[in-house]
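Just so we're on the same page, the working numbering is the position in the sequence shown counted from 1, plus 424.
Idealized CB from N, CA, C, for every residue including glycine.
Just so you know, these numbers come straight off a predicted model, no measurement behind them.
Worksheet for the structure shown next.
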Amino acid sequence: MSPRAKQLLRAVIGLGLAAALLGWGFPKVAKTTWGEVFDQLQRVTVVESLGFLGLVLLGLGCYTFTFTGSLPGLSQWRAFIVNICGSSVSNLLPGGGAVGLAATYTILRSWGFRNRDVSTSAIVTGVWNTLARIALPIVAIVMLWFGNDGLPRSLTSAAWAATISGLAIFAAFVAILASERAAQSIGRGLDRVLGPLFRRRKRTMSVSELVHDMRGRINEVVRTGWVQMTLGMIGFFGFYYLLFVLIMRTVGVDMLPLGILFAAFAIGRLLTAVGVTPGGVGVTEIASVAALVGWGAPPEAAAAGIFLFSIFTHLMEVPLGALGWLAWSMSPRVKGASGEDEDEPARAVTP
């Protein structure tokens, strides 16, 4: 079976699994029916929906600061385009992060950014994003503890798993900065992932070669941009949590304290990294609604809220991504830009 056929098969299986989890598993775990869920969704007005969309855009806008902090010379508008384009691709395929990363490379190279700078940005933002997601259950534990809301065993286990994972990722990141061998290992891993995606494109050097001097570049990016990148992540998750709370209040989950809602939100954001379905769809919804119902939320209201939140934070990124690809197609390019790391680099143009 060819690599393309394997990728297509994985996509079909992943989409089928997501459909099964949402269509059958989601209402079953929530102890409700789709009819009751849709009845609950009728409470949401058009004005409220527009407000929810505005919060999504604000969250995505905050994330541009994480992008621009990791890639000097990238404007906020272009960071927004790259983000929504990459996310739309990632949300359509199981394990679509690699395809989204390839899309990011393609777009940024067309604007004149060097491969090594894009590689550095990809690693740094990936680490920042992952650490932020696994920190959420830990923050939820603290909120529940101070709020005297109790510490559910499932959340405690998730927090411990997140802590261990976070320490492992942080240790790997430090190893990259301290060891040339570790940096080369990361480069070879990226090369294996991205190589098939660029097999039709002539490459003058491998990703492994591009990260030869990456330790110094990562050090510089972290030194100058860590505050901006961190604030960008806080803003991104902050607006998405506000969106989560407002949606829950709108559909009728109005008896649970904010700490419990944050815990359910944290579980869902952590599980978006599960690559068996596109963007973890189905997995995140089932886990989140199980937590809310287990903590006393009305089943139909909890299911409606989780479903609506998924629409705005996952499905909505697909049409936004289409607009992003359109904006990129009309944006000025660097003539002859290939992303190759030559002695005299092409200058990235800024709109």
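Of 526, 470, 483 and 595, the smallest CA-CA separation from residue 660 is found for 483. With respect to residue 729, residue 675 sits close: the two C-beta atoms are nearer than 8 Å. Taking a cut-off of 8 Å for Cβ pairs, the segment 689 to 703 and the segment 497 to 517 touch, as three or more such pairs fall below it. In this structure, residue 443 lies away from residue 726, with their beta-carbon atoms at least 8 Å apart. Assigned with DSSP and collapsed to three states, residue 537 falls in coil, not helix or strand.
Counting along the chain, residue 693 sits inside the alpha helix (DSSP H) bounded by residues 682 to 695. Inclusion of residue 751 and residue 505 in the CB contact set at 8 Å is warranted, their separation being smaller than that value. For residue 751, the secondary structure class from DSSP, reduced to helix, strand or coil, is helix. Residue 475 counts as exposed, since fewer than 16 other C-beta atoms from the protein chains shown sit within 10 angstroms of its C-beta. Setting aside the 5 residues that flank it on each side, residue 547 has no residue in the same chain whose C-beta is closer than 6 Å to its C-beta. One thing to note: residue 594 has its Cβ no nearer than 8 Å to the Cβ of residue 560.
Going by beta carbons, residue 736 and residue 477 fall inside the 8 Å limit.
Within its own chain, the residues whose Cβ lies closer than 7 Å to the Cβ of residue 685, once the five positions on either side in sequence are excluded, are 668, 669 and 672, listed in chain order.
Exclusion of the five residues before and after residue 528 leaves 506 and 510 as the residues of its chain whose Cβ lies within less than 6 Å of its Cβ. Nearest Cα to residue 445 within the set 718, 709, 754 and 541: 709. When C-alpha distances from residue 724 are compared across 430, 452, 461 and 498, the shortest belongs to 461. In the DSSP annotation of this structure, the continuous segment of the alpha helix (DSSP H) that includes residue 464 starts and ends at 458 to 465. By the neighbour-count definition (other C-beta atoms within 10 Å, threshold 16), residue 682 is an exposed residue. By the neighbour-count criterion, in which a residue is buried when 16 or more other Cβ atoms sit within 10 angstroms of its Cβ, residue 693 is buried.
The C-alpha of residue 753 is placed about 39 Å away from the C-alpha of residue 599. Residue environment: residue 747 is assigned as exposed (fewer than 16 neighbouring CB atoms within 10 Å of its CB, all protein chains considered). Close CB contacts of residue 524 within its chain, under the 6 Å cut and outside five residues either way in sequence, are with 510, 513 and 514 (chain order).
Rounded to the nearest whole angstrom, the CA to CA distance from residue 665 to residue 689 is 7 Å. For residue 428 and residue 553, the gap between their C-alpha atoms comes out near 29 Å. A distance below 6 Å between beta-carbons, with the five flanking residues on each side excluded, links residue 450 to the following residues of its chain, in chain order: 709 and 710.
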